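2 protein chains.
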Amino acid sequence: MLKIRVIVVDRTRSPFLKQGESFYLDRLRRYARLEWVEVKPAKIRKGGTADKVLALEGTSISKRLLPRDYIIALDRAGKSYDSEGFAGRIQKLSITQGRLTFVVGGPLGLSTELLNGANEILSLSRFTLTHEMSRLLFLEQLYRAFTIINNEKYHK
Amino acid sequence: MLKIRVIVVDRTRSPFLKQGESFYLDRLRRYARLEWVEVKPAKIRKGGTADKVLALEGTSISKRLLPRDYIIALDRAGKSYDSEGFAGRIQKLSITQGRLTFVVGGPLGLSTELLNGANEILSLSRFTLTHEMSRLLFLEQLYRAFTIINNEKYHK
Chain A
0 MLKIRVIVVD RTRSPFLKQG ESFYLDRLRR YARLEWVEVK PAKIRKGGTA DKVLALEGTS
60 ISKRLLPRDY IIALDRAGKS YDSEGFAGRI QKLSITQGRL TFVVGGPLGL STELLNGANE
120 ILSLSRFTLT HEMSRLLFLE QLYRAFTIIN NEKYHK
Chain B
0 MLKIRVIVVD RTRSPFLKQG ESFYLDRLRR YARLEWVEVK PAKIRKGGTA DKVLALEGTS
60 ISKRLLPRDY IIALDRAGKS YDSEGFAGRI QKLSITQGRL TFVVGGPLGL STELLNGANE
120 ILSLSRFTLT HEMSRLLFLE QLYRAFTIIN NEKYHK
C-alpha cells in the first residue's frame, strides 16, 4: 500500500473544512497509508517579514521530512492537471516511489527554498484559495485520483 | 446593491459542504442582494440518457430565468480566471448589469442548449469537482471577489 504523508502548516480552524478534511482522510485510508502532519505556524512578530515567517515554517517542515522523500509541494504557480491527468501522475509515482510527501503551506504559502527543493510543484487552481480550502480541494482530488486509478464509481 | 441569483440543481446533501455554503452566503449578503434558487434534479429513469436528464433540468432552470437575465453558466470547459481577474470581471459586470444570474448544474453538469444560451461560461477548475464542491468553491471565490473589489482584507 502506497504511503502518503501530508505535511500542513497549522491546524484547520474552520469547522466545516475540518469536517470535510476528516471525511476525505477516512476515505483515503482505503487506498493509502496516510499520515497527516501539522507543523506549528510561525508567529508574525513586530517588524517581521513574510519571508521570515516562510523561512521559519520552512525549517519546521524540513524537520519532518525524511531522507529520500519524494516531495510534492503545493503552489498556485505549479503544474496543473485535470483529474484524469492527476490520477495518472499519482499512479505512475506509486510505482516508482514507496512514499509520497505532499507539503501544503500556511496563509503565506511556502518558502522559495522549500519550493526549489521539492521534486514537483502542484497547482490546484488558478484562483487564490485559503490554505484551509486548498487542503479540502487537495484531499478531494487525491481521493478522486484513487477512485479513477481503481476504476471505481464516484459521483460527479 | 448588485442583485445576484444563483440557480443550482438539487439541494446540497453533504453536511459540511452545506455548512460551508451557508457560511459564504451569509458573508456575501454584505455585498449583494443574493438569491439562492434550487431546482429539482431530474430522475434518471430506466432507459433514460444523460442528455434527457440534462434537457429536463435545463427546462426547470429556464423556467426560473427572468427576461434579459445576464447568465453566467459554470462549466469546466469555460473561461478560467485568477481571483483578481474574476473580481475585475464581476466589478465590470456590476456596472453594466443590474443583476447577474449564475447557473450551476447537477452531477451531470448543464445541457449544451443551456450553455449555448448563456452570456458567459465560467470554469472554476481544470479538475472535475462534485457539483456540491463546485458550489462551495464558487461562493468562496465570489466572496473573495467582493473583498478584492472593496479592497478589504481576507486571509489567504
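As they're listed, the protein sequences go chains A and B.
Heads up: the first sequence at position 82 corresponds to 81 in numbering that gives the first Met the number 0, and the numbers run straight through without jumps.
Heads up: the second sequence at position 17 corresponds to 16 in numbering that gives the first Met the number 0, and the numbers run straight through without jumps.
Even glycine gets a Cβ: it sits at the ideal position worked out from N, Cα and C.
Since the structure is predicted, the reported quantities are computational estimates derived from the model, not experimental observations.
Check the Cα spacing between residue 139/A and each of 24/A, 10/A, 12/A, 129/A: the tightest is with 24/A.
Its Cα nearest to that of residue 66/B, the residue 97/B stands out among 77/B, 97/B, 41/B, 89/B. Here residue 78/A has 119, 120, 121, 122 as same chain residues with Cβ atoms under 8 Å from its own Cβ, once five neighbours each way along the sequence are excluded. At a cut-off of 8 Å between beta-carbon atoms, residue 77/A makes no contact with chain B. Counting C-beta pairs with one atom in each stretch, the region 33-51 of chain B and the region 5-17 of chain B have three or more that are closer than 8 Å, which means they touch. The continuous beta strand (DSSP E) containing residue 70/B extends over residues 69-78. Per DSSP, the unbroken alpha helix (DSSP H) holding residue 134/B starts and ends at 130-148.
Just so you know, the alpha carbons of residue 27/B and residue 1/B end up roughly 11 Å apart. Straight through space, the alpha carbons of residue 146/A and residue 64/B are spaced by roughly 36 Å.
Check the Cα spacing between residue 33/A and each of 150/A, 125/A, 99/A: the tightest is with 99/A. The Cβ of residue 37/A sits no closer than 8 Å to any Cβ of chain B.
Shown here for residue 17/A: same chain residues with a beta carbon closer than 7 Å to its own, the five before and five after excluded, namely 11 in chain order. Residue 72/B and residue 136/B do not touch by the CB rule: their CB atoms are close to 15 Å apart, not below 8 Å. Nearest CB-CB separation between residue 90/A and chain B: not below the 8 Å threshold.
The CB of residue 139/A comes closer than 8 Å to the CB of 128, 129, 132 in chain B, given here in chain order. With a threshold of 8 Å between beta carbons, residue 74/A makes no contact with chain B. Counting only runs of 3+ residues, the beta strand (DSSP E) found wholly inside the region 74-114 of chain A occupies 98-103, in chain order. Listed in chain order, the non-local C-beta contacts of residue 82/A below 8 Å within the same chain comprise 140, 143, 144, 147, local neighbours out to five positions each way being set aside.
For residue 31/B, the enclosing beta strand (DSSP E) covers residues 31-38. Around residue 18/A, the beta-carbon contacts reaching into chain B at under 8 Å are 14, 15, 18. CA-CA distance, residue 19/A to residue 14/B, rounds to 9 Å.
In the DSSP secondary-structure assignment, residue 121/B is bridged to 78/B.
Put simply, of 109/A, 129/A, 127/A, 130/A the residue whose alpha carbon is nearest the alpha carbon of residue 50/A is 109/A.
Residue-level contact check: residue 110/B does not touch chain A, since none of the beta carbons of chain A fall below 8 Å from its beta carbon. Cβ contact annotation for residue 105/A (same chain, cutoff 7 Å, sequence separation greater than five): 8, 9, 40, 56, 130, in chain order. Beta-bridge partners assigned by DSSP to residue 5/A: 35/A, 101/A. At least one CB atom of chain A sits nearer than 8 Å to the CB of residue 22/B. At a beta-carbon threshold of 9 Å, the residues of chain A lying near residue 80/B are 125, 126, ordered along the chain.
Inclusion of residue 128/B and residue 53/B in the CB contact set at 8 Å is not warranted, their separation being larger than that value. Boundaries for residue 13/A: no alpha helix (DSSP H) harbours it, and the DSSP string shows neither H nor E there. Comparing C-alpha distances from residue 3/A to each of 152/A, 62/A, 93/A, 84/A shows the shortest one belongs to 93/A.
Judged by beta-carbon spacing, residue 70/A lies within the 8 Å limit of residue 116/A, meaning their Cβ atoms are closer than that value.
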